[in-house]
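Visitor:
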Amino acid sequence: QRDLAEELSHRIRNVITSQIGMVADRGRDDPDVVKLWIGEGDLPTPPYIVEAAEAALRAGHTRYTYSLGLPRLRQALSDYHFRHWNVRLPVERFTVTVGGMNALMQSAQAVLDPGDEIIVPTPAWPNLIESMRLAGGTPVLVPYGIQSDGRLALNIDDVLAAITPKTKAILINSPSNPTGWVMPREDMEKFVDLSRQTNIWIIADEVYAQFKYDGSVAPSFLQITDENDKVIVTNTFSKNWAMTGWRIGWAVVPRGLDKFYAKLSEYNTTGVPTFVQHAAIAALDQGDEFIRQMVSRCAETRKIFVDGLSQIEGVTVLPPDGAFYLMVGFPGDETSLDVAIRMLAEAKVGVAPGTAFGSAGQGYLRLCFAISPKLAREAVKRLTGFFKK
Ligand code: PLP
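Mapping of the sequence shown onto the UniProt record's numbering: residues 12 to 400, in sequence order.
(1) Please confirm whether residue 262 and residue 87 have their CB atoms less than 7 Å apart.
(2) Select from 144, 394 and 321 the residue whose C-alpha is nearest the C-alpha of residue 129.
(3) In terms of DSSP beta bridges, what is residue 56 paired with?
(4) Would you say residue 289 and residue 72 are within 7 Å of each other, going by their C-beta atoms?
(5) Any idea if residue 224 is buried or exposed, counting beta-carbon neighbours within 10 angstroms, 16 or more meaning buried?
(6) Just the Cα atoms here: how many angstroms apart are residue 68 and residue 59?
(7) Here's the rule: buried if 16 or more other CB atoms are within 10 angstroms of the residue's CB, otherwise exposed. What is residue 229?
(8) Which first and last residues belong to the beta strand (DSSP E) in which residue 180 is found?
(9) For residue 366, which three-state DSSP category applies?
(10) Is DSSP giving residue 161 helix, strand or coil here?
(11) Leaving out five residues before and five after residue 401 in sequence, what residues of the same chain have Cβ atoms less than 8 Å from its Cβ?
(12) Pick from 25, 94, 221 and 135: whose alpha carbon is nearest that of residue 184?
(13) Between the C-alpha atoms of residue 324 and residue 392, what's the straight-line distance to the nearest angstrom?
(14) Enumerate in chain order the residues of its own chain whose CB-to-CB distance from residue 177 is below 8 Å, with the five nearest sequence positions on each side excluded.
(15) Would the beta-carbon of residue 210 be found less than 6 Å away from any heavy atom of the ligand PLP?
(16) On the criterion of 16 or more Cβ atoms from any shown chain inside 10 Å, does residue 308 qualify as buried, or is it exposed?
(17) Please confirm whether any heavy atom of the ligand FAD lies closer than 6 Å to the CB of residue 312.
(18) Classify residue 25 as helix, strand or coil using the three-state DSSP reduction.
(19) Roughly how many angstroms lie between the CA atoms of residue 304 and residue 295, to the nearest whole one?
(20) Sorted by chain position, which residues of the same chain lie with C-beta nearer than 8 Å to residue 265's C-beta, five sequence neighbours on each side aside?
(21) When you compare each of 84, 90, 85 and 139 to residue 27 by their alpha carbons, which one comes out closest?
(22) Taking just the CA atoms, how far does residue 281 sit from residue 52?
(23) Drop a sphere of 10 angstroms on the beta-carbon of residue 64, count the other beta-carbons inside from all chains shown, and report buried for 16 or more, exposed for fewer.
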């Protein structure tokens, strides 16, 4: 068999394989494994969303539609932002995408030329880094700082030190996967000022904005910017409404960029499946209560993990302010990947190695707590047994 790898573009050859898959592939089909490696909740999509998709299919919504998304859906998105963040954004600023991932990829394609640098705080979800590379950019990784109370912070001085003449953008993911860090509003304001002064773009990935554990939504860049700021916000239906497999998300772009995003959508995907867009309208119109349930369930399992794991000697947990992930620090100098593989074999708990999120993740494992309280208790029991050994 001929090895054609050498014949491929540098673009694809330079992209790395995710370490999450390296663990998951070993235990995916084992029903006894408690699977905490993937970033999705275990609840099914609410029935009214499924029914809206069925009805749309039967009504014949099976054809091409607008590249930027159905006008009714873009209106519903604008209303959603008004209800939850009290910002009134014109429909023209919304573009519907194939998940949050495609919103990021289109934004990378919109902003980055080959060789342009984009600053990415780490640890970061690997897709944030590799998608920027695939789009031709050069990710420049800046680790979060640790404050005196143990919480993470994105220090503006660290970001300033990483800026070069080639810096085109900063990618900010708040609430963050994998760390659960939430950027405070005052810091967002500092970064918006930085963007205004340096003319650098901000791509803000706010897919976990609903998942915050003090009773409020996370602050959004959309609350402190206007339509002329160089800020693009990406989001998804995946997490709020348990729709990871539906592949639908959105971006909010500065005024006037919609015509460019229409081209990006046309030539990347030619839009999101039409019946899925109808389902997304149902999610926005009827799904606020489901979000509340999801978030309160995550608040409960977050507490089970934080309380349970912090009792284990040598193990550290950083209570996450947002998203639904926990970074668990372990003692010793075994690699995160080795510990994750051993944990899968010995304790039947599947987690992601911290190094899947950059070298700053060495010494940590990431687990997803968007599961039932019962399963969370079982996982804590198994993890306690594993670490005690
Ligand atoms: N951004 C972050 C930080 C994520 O963790 C994810 C999914 O895990 C996404 C974006 C994209 O989600 P999707 O493409 O399923 O909408």
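No residue lacks a Cβ here, since even glycine has one placed at the ideal position from N, Cα and C. Only a predicted model underlies this, so the values are computations on that prediction, with no experimental measurement involved.
Guide: Taking the coordinates as given:
(1) no
(2) 144
(3) In the DSSP output, where bridge partners are listed per residue, residue 56 has none listed.
(4) yes
(5) buried
(6) 14 Å
(7) buried
(8) 178-184
(9) helix
(10) coil
(11) Only positions 12 to 400 of the chain appear in the structure, and residue 401 is not among them; the question remains open.
(12) 135
(13) 14 Å
(14) 126, 127, 128 and 149
(15) no
(16) buried
(17) For the ligand FAD, the structure offers nothing, since it holds only the ligand PLP.
(18) coil
(19) 15 Å
(20) 104, 238, 239, 240, 241, 242 and 243
(21) 139
(22) 28 Å
(23) buried
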